[in-house]
Every structure is written in C-alpha cells, then in structure tokens.
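Numbered according to mature numbering (1 follows the signal peptide of the UniProt record, and there is no 0), the sequence shown spans residues -17 to -1, 1 to 205.
Following: one structure in structure tokens, then a few remarks.
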Amino acid sequence: MRALALALSLLAAPASAECRVALSLALDVSSSVDAGEYRLQLEGLAGALEDGAVRAAIFQVPGATIALQVYEWSGRAQQALIADWAEIRTPADLDRLAASLRGHGRSFSGGSTGLGPALEFGRRQLGRAPDCTRDKIDVSGDGRGNDGIPPQQLYSRTDFGDITVNGLAIESDDAELGRYYRFFVMRGSGAFVEVARDFDDYAQAIRRKLIRELGEPMLGLK
C-alpha cells in the first residue's frame, strides 16, 4: 500500500518546467549606429517584450519557459552583456527585462562591424544558458562584417552544433543587407532573416521576428 501511495504522489507532483528556447539577442552598436538609432533598438526591443502577441507566443505552452539574454556588439573585441540569462516564467519577468533595457547605457561609442566575432560571443553565451530544447541567436545589424572573422568562415571552423542563427537586417544604408544575411549569417534548422527598412522600422521588425522565433511548436527534449 505504501508503494502504491508513493507512486500516486509522484504522479500527482507537478513536473518541472521545460525551457523551450534559449534566445540570445545581439544588438549592433558599431560606429554606423548613432545615439538616436541605438535608443530605437533598445526601445523597440523593450516594446516588443511588452507586446501582447509576443507574450502570447512566449507563454503559448502552459508550464513551459523560455530563457532570454541580450548583448551588444561592435568591433572584433567589443561585445558586452546588456542583460544576462533570465528564465522567463511570468509576464513580470518580461517587465523587468524591458525596464533594464530602457535603463541601459551604451557600452561602446564606436567601432567596426565585427559580425563574426559577435556570433562567436553568442555561441559561447549559449554554452552557459539554462538547459533548453532549442538554442538560438538573434543578431541585428545595419552593415556587413568588416572586422575579424567573417560569419561564413566562422561557421566552417567552429562547431555551432544545433544552434540556429536568425538575422534582422536593418537596410537603412544597404538595400542588399537582407540578402547578405540570408547567404552568410543565418544558419541552422528553421533559420530566417527579418528585414527592417531603417531604424524607425526596427520596432515592428523585432516584434515580427520574436513572434516567429518564439511561437514555434514545442519540440522534443535535447
């Protein structure tokens, strides 16, 4: 009888929450991004995290979580965390992350476009992320890599495993940047590129992007 009672109690106990996605978000702060454009990125991402459709995508699976991290990047040796890994369980967790984004001060005031090194930084960060079903990098930028290893060489030399890299190309100065991101930046299962016409369009683009990459059906465990 005691064995039966123990078995029933284990069945009744709530399962530990599964983390669906670990998403590391990378924001471009190279010299081509002025102060106003930088604030548009932070405010756009913060606003997206407060958006009802984005939250519906995040909390679509009852009891499941996601993990988010945000960093900014510029030249080959210029990457800095804005917000470290946080497991998102409730809307209040998103509120706190949005507030921290709005209160953040820029880490670098200039620099080249070290896109490959920025992706390598994201790969290393995912190595210390919570254990989630899928690992993703979401990199935003307004220019092509011109400092450090190019993305395509990085992917050929470095084991990115099952990491998916999605891109958000801001085409304010380069109308072909989305094409560059599709050829050289995106990688992995289900990878895609979202395009913003300019920094004013960034808020809507990151909203669409988060809905798509966080609204996927739950997959099996790693």
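For every residue, glycine included, the Cβ atom is placed at its ideal position computed from N, Cα and C.
This one's a predicted model, so the numbers in the text were calculated from it and none came from an experiment.
Self-check item: Beta-carbon proximity list for I49, same chain, < 8 Å, skipping 5 on both sides
Solution: C2, R3, V4, A5, L6, I41, E70, I71, C115, L197
Quiz item: Quick one, are the C-beta atoms of P134 and G99 less than 8 Å apart?
Solution: yes
Practice problem: Determine the direct distance from the alpha carbon of G30 to that of Q136, and round the result to whole angstroms. | Solution: Answer to the nearest angstrom: the Cα atoms are 34 Å apart.
Quiz item: Roughly how many whole angstroms lie between the Cα atoms of S83 and A66?
Solution: 7 Å
Quiz item: Going straight from the alpha carbon of A(-15) to that of L8, what length do you get?
Solution: Confidence in A(-15) is poor, its pLDDT being 45 and thus under 50, which makes the residue's placement unreliable; the coordinate value appears in the next sentence. Whole-angstrom Cα-Cα distance: 48 Å.
Exercise. Less than 8 Å between the CB atoms is what I'm expecting for V148 and V178, so what's the real figure, rounded?
Key: Not really, about 16 Å apart at Cβ, beyond 8 Å.
Exercise. Taking the CB atoms as reference points, tell me whether A63 and Y54 lie closer together than 8 Å.
Key: yes
Quiz item: Which term fits V176, buried or exposed, when burial requires 16 or more other beta carbons within 10 angstroms of its beta carbon?
Solution: buried
Quiz item: For V168, which three-state DSSP category applies?
Solution: helix
Quiz item: Roughly how many whole angstroms lie between the Cα atoms of A75 and I153?
Solution: 30 Å
Quiz item: Taking C-beta to C-beta, are L151 and I189 nearer than 8 Å?
Solution: yes
Quiz prompt | DSSP-derived helix/strand/coil call for G161 | solution = G161 carries a helical assignment under DSSP once its states are collapsed to helix, strand and coil.
Practice problem: Please name the residue, chosen from R127, R106, Q108, A39, that lies closest to D11 on a Cα-to-Cα basis. | Solution: Comparing Cα-Cα distances from D11 to each of R127, R106, Q108, A39, the minimum goes to R127.
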